[in-house]
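Trainee: If you count the sequence shown from 1, you need to add 3 to reach this note's numbering. Yeah, the Cβ is synthetic: ideal placement off N, Cα and C, and Gly gets one too. Every value quoted in this text rests on a predicted model; they were computed, and no experiment measured them. Quick one: the structure is below, and I'll ask about it shortly.
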Amino acid sequence: MPAIMLALSLPLSAQVLYKVEGKNLSAPSYIFGTHHLAPVSVIEEFGALEPFESTAQIVGEIDMTQNQMALAQAMQPHMIAPDDSTLSKVIPADKYATLNEEFKKWSPVQGFDLNMFENMKPMALTTMVSVSIAAEAMPDYDPSQQLDKWFQENGKSKGKAIIPLETAEQQAAILFDTTPIAYQAEALIDLLTNPQEAITMSKDLTDAYLSQDLKKMTELSDKESEHPEFMEALLDRRNADWLTKLPAIIDRGPTFIAVGALHLPGDKGIIEGLRKQGYTVTPVSK
4 MPAIMLALSL
14 PLSAQVLYKV
24 EGKNLSAPSY
34 IFGTHHLAPV
44 SVIEEFGALE
54 PFESTAQIVG
64 EIDMTQNQMA
74 LAQAMQPHMI
84 APDDSTLSKV
94 IPADKYATLN
104 EEFKKWSPVQ
114 GFDLNMFENM
124 KPMALTTMVS
134 VSIAAEAMPD
144 YDPSQQLDKW
154 FQENGKSKGK
164 AIIPLETAEQ
174 QAAILFDTTP
184 IAYQAEALID
194 LLTNPQEAIT
204 MSKDLTDAYL
214 SQDLKKMTEL
224 SDKESEHPEF
234 MEALLDRRNA
244 DWLTKLPAII
254 DRGPTFIAVG
264 ALHLPGDKGI
274 IEGLRKQGYT
284 VTPVSK
């Protein structure tokens, strides 16, 4: 991916890095909004490297330094569909063959088709296809250099404590259990019917992130969301839970918090939530 050239006229509201102070904190902590398609070069370009180095503990959504096989095993039970809702039962028969051909184009493993995932929830397949969509949207993206994982692995190598806000099981339950399987099937059908739309969406979201435009990212996410209950579980309820945990964590010492960028903005976001608790939260630019 080419180097990101940030405009000198970047609006003051366009930030993904924030400093947390006040309430007798011994040292400032920092919040950094991540994006799964962003290159690790943004860490330095957005001015996050020095704050990262200055902190003693790293907070993330889940512990990504765990064994990847263990993480997958923890999430797998939530990805299995009930016997009455397997793929062939929730995808209309007249669409199955066409969708299967499209799925084979985007399957992470060449030659795999829908029949091989008959017992999986549609959301699990949507997640698989999204990896290939991401590769198409951002051909230079390196999944082994994902931002959240970079912060945690590098923090651990430097002796920093790694503190997850939730378990892999909890995250899997939100991703795969929150919405009805009928809706999950509709979403998978829509994705495989028009993958180009998903590619465009991925590019637009990434462009907004590289401009540090959280407002634009929120607008794009809201535009695509057709199931408010899922978004409430994915963002608002998790934010509320995290906001009960973060004060005790940052009170123990300077902390670098790296979570998805969409968790930061809005009245129910992490930034405003900490401000309501009496902390001073200010944007940090390089």
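Please report how far the alpha carbon of glycine 281 lies from the alpha carbon of lysine 26, in whole angstroms.
Mentor: 7 Å
Trainee: Work out the CA separation of serine 29 and lysine 22 for me, nearest whole Å.
Mentor: 13 Å
Trainee: As an exercise, report each continuous alpha helix (DSSP H) stretch of at least 4 residues that is fully enclosed by the segment 119-174, in chain order.
Mentor: 125-140 and 150-160
Trainee: Measure the CB-CB distance between isoleucine 65 and threonine 221 and report whether it falls below 8 Å.
Mentor: The Cβ atoms of isoleucine 65 and threonine 221 do not sit closer than 8 Å to each other.
Trainee: Can you name, in chain order, every residue of its own chain whose Cβ lies under 6 Å from the Cβ of phenylalanine 259, other than the five neighbours on each side?
Mentor: Cβ within range, chain order: Tyr33, Phe55, Thr58 and Ile61.
Trainee: Determine the burial state of glutamate 152: buried for a count of at least 16 other Cβ atoms within 10 Å of its Cβ, exposed for fewer.
Mentor: Reading off the sequence, residue 152 comes out as lysine, not glutamate. Under this definition lysine 152 is a buried residue.
Trainee: Given this structure, state the Cα-to-Cα distance separating alanine 185 from glycine 256, to the nearest angstrom.
Mentor: If you take the alpha carbons of alanine 185 and glycine 256, they lie about 46 Å apart.
Trainee: Should asparagine 242 be labelled buried (16 or more other beta-carbon atoms within 10 Å of its own) or exposed?
Mentor: Of the residues assessed, asparagine 242 falls on the buried side of the cut-off, its CB having 16 or more other CB atoms within 10 angstroms.
Trainee: Quick check on the DSSP output: the alpha helix (DSSP H) that includes isoleucine 273 runs from which residue to which?
Mentor: 273-279
Trainee: Quick check: what's the CA-CA separation for threonine 89 versus methionine 119?
Mentor: One C-alpha to the other measures close to 11 Å.
Trainee: Bridge partners for phenylalanine 64 per DSSP, in chain order?
Mentor: Phenylalanine is not the amino acid found at residue 64; the sequence shown has glutamate there. Answer is none; glutamate 64 lacks a bridge partner.
Trainee: In terms of residues, what are the limits of the alpha helix (DSSP H) holding proline 54?
Mentor: 52-57
Trainee: Quick one: Cα of serine 12 to Cα of glutamine 215, how far?
Mentor: In this prediction, serine 12 has a pLDDT of 31, which is less than 50 and means its spatial position is unreliable; what the coordinates show is noted afterwards. Roughly 12 Å separates the two Cα atoms.
Trainee: Work out the CA separation of alanine 84 and asparagine 122 for me, nearest whole Å.
Mentor: 6 Å
Trainee: Are phenylalanine 35 and leucine 20 touching if we call contact CB-CB under 8 Å?
Mentor: yes
Trainee: Quick one: Cα of valine 93 to Cα of alanine 190, how far?
Mentor: Valine 93 and alanine 190: Cα-Cα distance of roughly 12 Å.
Trainee: Apart from the five residues on each side of it in sequence, which residues of its chain come closer than 6 Å, Cβ to Cβ, to tryptophan 109?
Mentor: Val132 and Ser135
Trainee: In the DSSP output, what is phenylalanine 49 paired with across the bridge?
Mentor: In DSSP, phenylalanine 49 forms no bridge with anything.
Trainee: Is the CB-CB distance between serine 288 and glutamine 18 below 8 Å?
Mentor: yes
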